[in-house]
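I have placed the structure first, in the form of structure tokens, so that the comments after it can refer back to it.
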Amino acid sequence: MVIIYSIVHQREYDYLEVMDTIKALSNEFYFLRTTELGKSIVGRSIPALQIGVSDEKILFAGGFHGCERLTTLLLLIFAERFCMALRDDGYFSSVSARTTLFGKSIVILPLINPDGYEIALKGASGALHMTEHVKRILGDSDIAQWNANARGVDINHNFDAGFPILRKMEEEEGITGPSPRCYGGEKPESEPETKILTELCRKENIRHALAFHSQGEEIFWKYGNRTPSKCFNMAKIFAASSGYQLKTPKGTASHGGFKDWFINEFAKPAFTFEIGKGTNPLDPMGLYDIYEKLEETFLLSLVL
Ligand SMILES: [Zn+2]
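For my numbering, count along the sequence shown from 1 and bump the result up by 29.
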């Protein structure tokens, strides 16, 4: 039974459907381990999927921003396609899945910010008991463009990497408190969604990390002087396989992100992929094209 491959591109999945899909994947593939890493502000479970038993892990994370939902579905398709190849002792992007996985594990966090996901998809009521709070923060803005968590903190501004510089830039853009996007919170790691990622990375041996956002078909690979030289080489290979452009972030996208923190904290490679092209939220009908363009990059991220 193929759970996602034939159906997901028809329409959006809401949070419960994402969780049901993860359950279905874990029922289908006995070697896929799923866990709850913690809960969001509103109390939604934040799931992780693991394939393989090695201590050396490669991390894939998506669903940071509410209006970037295809990143979650993209990672679930990757999980399903890789698991199918592993079960059938077959090939993933023309390389044996079993060989690819030798000596490492895959850890996938498809949905870091489930509350933001539901708010951008369903409106303020997606914040459940925090609906009124979200309405106040929203003002006249378009809810479909919501990126933050239910408290109005942008998770990808909440990591401890250049936080004071980022805070200054936010203030210059008039963002001084909870907001639909780009507010970094009172201090780094103030949000449970951020902490789930940092605690996981501190505890586990992560070889490198790939974070997924949308959109622009771009790869960001650098942060400060602790960026390992291997990072640029890997990024060039990813760019060649995907057709994406290599970029250096500017303005408020320059600090406070997961990729920035991971590089700075561990001096190991991390990348941000801006998937697809168009206006967020991207049309789910385009998901398969996005996946096809990136499948070899997923493979390469496992072997490099
Ligand atoms: Zn994003």
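Backbone N, C-alpha and C fix where the C-beta goes; we use that ideal spot for every residue, glycine too.
| Query | Result |
| --- | --- |
| Taking DSSP as the reference, what is the three-state secondary structure of V71? | coil |
| State whether the region 191–206 contacts the region 280–299, with contact taken as three or more CB pairs (one from each stretch) at a distance under 8 Å. | yes |
| Let's test the definition: count the other Cβ atoms within 10 Å of the Cβ of F60 and tell me whether it reaches 16, buried, or not, exposed. | exposed |
| Would you mind giving the Cβ-Cβ distance between D189 and P217, rounded to the nearest angstrom? I have them listed as a contact below 8 Å. | 4 Å |
| Take N234 and list the residues in its own chain whose beta-carbon comes closer than 8 Å to its own, dropping the five residues that flank it on each side. | D84, E85 and K86 |
| Could you tell me which residues DSSP puts in a beta bridge with E247? | Q274 and E303 |
| I need the DSSP call for H186, collapsed to helix, strand or coil. | helix |
| Using a Cβ-based criterion (distance less than 7 Å to any ligand heavy atom), does N185 qualify as near ligand 1? | yes |
| Distance, Cα to Cα, T128 vs R210? | 42 Å |
| Does DSSP put V124 in a helix, in a strand, or in coil? | strand |
| State the start and end residues of the unbroken beta strand (DSSP E) segment that holds L316. | No beta strand (DSSP E) contains L316, which is instead part of the alpha helix (DSSP H) from L316 to V332. |
| Taking the alpha-carbon of W250 as reference, which of I292, T227 and Y212 has the nearest alpha-carbon? | I292 |
| For the beta strand (DSSP E) containing L88, list its first residue and its last residue. | E85 to A90 |
| Along the chain, where does the beta strand (DSSP E) containing L138 start, and where does it finish? | S134 to L138 |
| Quick one: what does DSSP say T205 is sitting in, helix, strand or coil? | coil |
| Consider the C-beta atom of F93 and the heavy atoms of ligand 3; say whether any pair is separated by less than 7 Å. | What this structure holds is ligand 1, not ligand 3. |
| Leaving aside the five residues before and after P207 along the sequence, list all residues of the same chain whose C-beta is less than 7 Å from its C-beta, in chain order. | I166, R180, G181 and V182 |
| In this structure, does DSSP put I141 in helix, strand or coil? | coil |
| Have a look at S125 and V163 and give me their C-alpha separation to the nearest angstrom. | 47 Å |
| Taking C-beta to C-beta, are I184 and N142 nearer than 8 Å? | yes |
| Relative to the C-alpha of K322, which residue among M159, L275 and E246 is closest? | E246 |
| I'd like to check one pair, I248 with F300: are the Cβ atoms closer than 8 Å? | yes |
| Would the C-beta of E97 count as close to ligand 1, meaning under 7 Å from any of its heavy atoms? | yes |
| Flag H242 as yes when its Cβ comes closer than 7 Å to any non-hydrogen atom of ligand 1, and as no otherwise. | yes |
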